[in-house]
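Asker:
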Amino acid sequence: MKSGLDYVAPLNFVLHRFLFSTLALSPFVIALRERIPRDKETLSRLLLLGLINASGIVLTNMGLVYEKSGIGAVLTYTQPLFVFCMAVPFLKEKAKASRILGLPAGFLGVAALSLGKIGSIGTSTTSSILLVAGAFLWAVTVIYYKKLLSHVDPIVTNIIQLAVGAATLAPLNALTGGFHFPLSAEYVAIVLYAAVAASSLGLTIWLYLLKDEEATVLSSSSFIVPMSALFFGWLLLGESVELSSIFGTVLILVGVYLVNRT
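Position one of the sequence shown corresponds to residue 11 (the numbering used here), numbered consecutively onward.
Shown next, in the form of structure tokens:
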């Protein structure tokens, strides 16, 4: 996302992502047409899910424009904390002591991993608010889907929410500067990865897991994302691993274990 935003504004980038991901999943519309809900209540809920999802991703991208990637990661991964706070009252998930300890441990691990990327540049208040708001809306989509839409096929859900996002952002782009797609091989690769791998495949897998797994457990596992980035940065890019990174990795593993233990 950070690389894609070097080419275009957030609204444009998210629109490109939604358009390509919708196209990638469109063949499934025919194959799964019998699983598409027909009742107005479910369709209305899917429409609202799409609007919330699009809003959260746009806010996250807007926050990333003027923010360091390290701080961006820390603020984005407040999401599992929000999920836990909402899952207890709305989904009746248990507020076990191990989870109360595990979630802050995992979040502190993400913060420790990001220390080296934060640098000396101060945090922009506006960017921070946007990133936290994006993380909160991400958490809302988790709770909303789990409580009201988990009976809908995950592929159908993802197709509809991505299509709704594209349909919503298209006119907004027209009003705020128009549609712009850079004809750059690097940008095309970035958009295709973000759309096909992350939005089409990744989000569908996420929804499949969310149908059967507790929201708190699944969200806590997302702490592993920045830890994986640390590993692949070392393996593929030759980036150094600081002591704080090792400490952060241990905290994340401990946190995920505590949340998932039975």
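All C-beta atoms in this analysis are idealised placements derived from N, C-alpha and C, irrespective of residue type, glycine included.
1) Give the C-beta separation of residue 174 and residue 64 to the nearest angstrom, bearing in mind that I take them to be a contact with Cβ-Cβ under 8 angstroms.
2) What's the C-alpha gap between residue 131 and residue 187?
3) By how many angstroms is the C-alpha of residue 169 removed from the C-alpha of residue 160?
4) What is the DSSP secondary structure of residue 16, counted as helix, strand or coil?
5) By the 10 Å Cβ neighbour count, where 16 or more other Cβ atoms means buried, how is residue 26 classified, buried or exposed?
6) Between the region 44-53 and the region 92-104, can you find at least three pairs of beta-carbon atoms closer than 8 angstroms?
7) Are three or more beta carbon pairs between the region 187-207 and the region 250-268 nearer than 8 angstroms?
8) Give the secondary structure of residue 198 by DSSP, where H, G and I count as helix, E and B as strand, and everything else as coil.
9) Using three-state DSSP, classify residue 44 as helix, strand or coil.
10) Would you grab the beta carbon distance between residue 21 and residue 68 for me? Rounded to a whole angstrom, and I think it's under 8 angstroms.
11) I'd like the ranges of any alpha helix (DSSP H) spanning at least 4 consecutive residues and lying wholly in the region 83-134.
12) Can you list, in chain order, the residues of its chain whose CB lies under 6 angstroms from that of residue 210, leaving out five sequence neighbours each side?
13) What number of angstroms, rounded off, separates the C-alpha of residue 40 from the C-alpha of residue 208?
14) Work out the CA separation of residue 256 and residue 122 for me, nearest whole Å.
15) Mapping the DSSP letters down to three states, classify residue 267 as helix, strand or coil.
16) Rounded to a whole number of angstroms, what is the C-alpha to C-alpha distance between residue 272 and residue 266?
17) Could you check which residue in 84, 110 and 72 has the C-alpha nearest to that of residue 264?
18) Does DSSP put residue 193 in a helix, a strand or coil?
19) Do the CB positions of residue 88 and residue 142 come within less than 8 angstroms of each other?
20) Roughly how many angstroms separate the alpha carbons of residue 157 and residue 251, rounded to a whole number?
21) Taking the Cβ atom as the reference point for each residue, do residue 166 and residue 48 lie within a distance shorter than 8 angstroms?
22) Rounded to the nearest angstrom, how far is the Cβ of residue 120 from that of residue 71, given a contact under 8 angstroms?
23) In the DSSP assignment, find the unbroken alpha helix (DSSP H) run with residue 54 in it and report its ends.
24) Could you tell me if residue 84 is buried or exposed, where buried requires 16 or more neighbouring beta carbons within 10 angstroms of its beta carbon?
25) First and last residue of the alpha helix (DSSP H) that includes residue 218?
26) Let me know the secondary structure DSSP gives residue 253 once reduced to three states.
Answerer: Short version:
1) One-based indexing of the sequence shown puts residue 174 at position 164. One-based indexing of the sequence shown puts residue 64 at position 54. Confirmed, about 7 angstroms.
2) On the sequence shown, position 121 is the one that residue 131 refers to. On the sequence shown, position 177 is the one that residue 187 refers to. Reliability fails at residue 131, whose pLDDT of 47 lies under 50, so the model's placement of it is uncertain and the value that follows must be treated cautiously. Each residue's Cα considered, the two are about 29 angstroms apart.
3) The residue given as residue 160 occupies position 150 in the sequence shown. The residue given as residue 169 occupies position 159 in the sequence shown. Cα-Cα distance, rounded: 15 angstroms.
4) Mapped onto the sequence shown, residue 16 falls at position 6. DSSP places residue 16 in helix when its eight states are reduced to three.
5) Within the sequence shown, numbered from 1, the residue matching residue 26 stands at position 16. Buried.
6) Judged by Cβ distances under 8 angstroms, the region 92-104 makes no contact with the region 44-53, as fewer than three pairs qualify.
7) Judged by Cβ distances under 8 angstroms, the region 187-207 makes no contact with the region 250-268, as fewer than three pairs qualify.
8) Counting from one through the sequence shown, the residue named residue 198 turns up at place 188. Here residue 198 carries a helix assignment [DSSP, helix/strand/coil].
9) Working through the sequence shown from its first residue, we reach residue 44 at position 34. Of the three classes helix, strand and coil, the one that applies to residue 44 here is helix, per DSSP.
10) As a working mapping, residue 21 is identified with position 11 in the sequence shown. As a working mapping, residue 68 is identified with position 58 in the sequence shown. So it is a contact: roughly 7 angstroms between Cβ atoms.
11) 89-100 and 107-128
12) Counting from 1 along the sequence shown, the entry for residue 210 is found at position 200. In the same chain as residue 210, and ignoring 5 residues on each side of it, the C-beta atoms closer than 6 angstroms to its own belong to 31, 34 and 35, in chain order.
13) As a working note, residue 40 is residue 30 in the sequence shown. As a working note, residue 208 is residue 198 in the sequence shown. Those two C-alpha atoms are separated by around 22 angstroms.
14) For the purposes of this step, residue 122 is identified with residue 112 of the sequence shown, where counting begins at 1. For the purposes of this step, residue 256 is identified with residue 246 of the sequence shown, where counting begins at 1. Their backbone Cα atoms lie some 9 angstroms apart in a straight line.
15) Along the sequence shown, read from residue 1 onward, the residue named residue 267 stands at position 257. Residue state, collapsed to three classes: helix.
16) As a first step, residue 272 must be located in the sequence shown, where it is residue number 262. As a first step, residue 266 must be located in the sequence shown, where it is residue number 256. Cα-Cα distance, rounded: 12 angstroms.
17) Taking the first residue of the sequence shown as position 1, residue 264 is located at position 254. When only C-alpha atoms are compared, the closest one is 110.
18) Along the sequence shown, one-based indexing puts residue 193 at 183. Secondary structure at residue 193: coil, using DSSP grouped into helix, strand and coil.
19) What you label residue 88 is simply residue 78 of the sequence shown in a count that begins at 1. What you label residue 142 is simply residue 132 of the sequence shown in a count that begins at 1. Closer than 8 angstroms, so yes.
20) Along the sequence shown, one-based indexing puts residue 157 at 147. Along the sequence shown, one-based indexing puts residue 251 at 241. For residue 157 and residue 251, the distance between alpha carbons rounds to 40 angstroms.
21) What you label residue 166 is simply residue 156 of the sequence shown in a count that begins at 1. What you label residue 48 is simply residue 38 of the sequence shown in a count that begins at 1. Contact: no.
22) Walking along the sequence shown from the start, residue 120 turns up at place 110. Walking along the sequence shown from the start, residue 71 turns up at place 61. Residue 120 to residue 71, Cβ: 19 angstroms. No contact.
23) Position 44 of the sequence shown, counted from the start, is the residue given in the question as residue 54. Residues 50-75.
24) As a first step, residue 84 is located in the sequence shown; it is residue number 74 there, counting from the start. With 16 or more other Cβ atoms within 10 Å, it is buried.
25) Start at 1 with the first residue of the sequence shown, and residue 218 comes out as number 208. Here the alpha helix (DSSP H) through residue 218 covers 213-222.
26) Taking the first residue of the sequence shown as position 1, residue 253 is located at position 243. DSSP places residue 253 in helix when its eight states are reduced to three.
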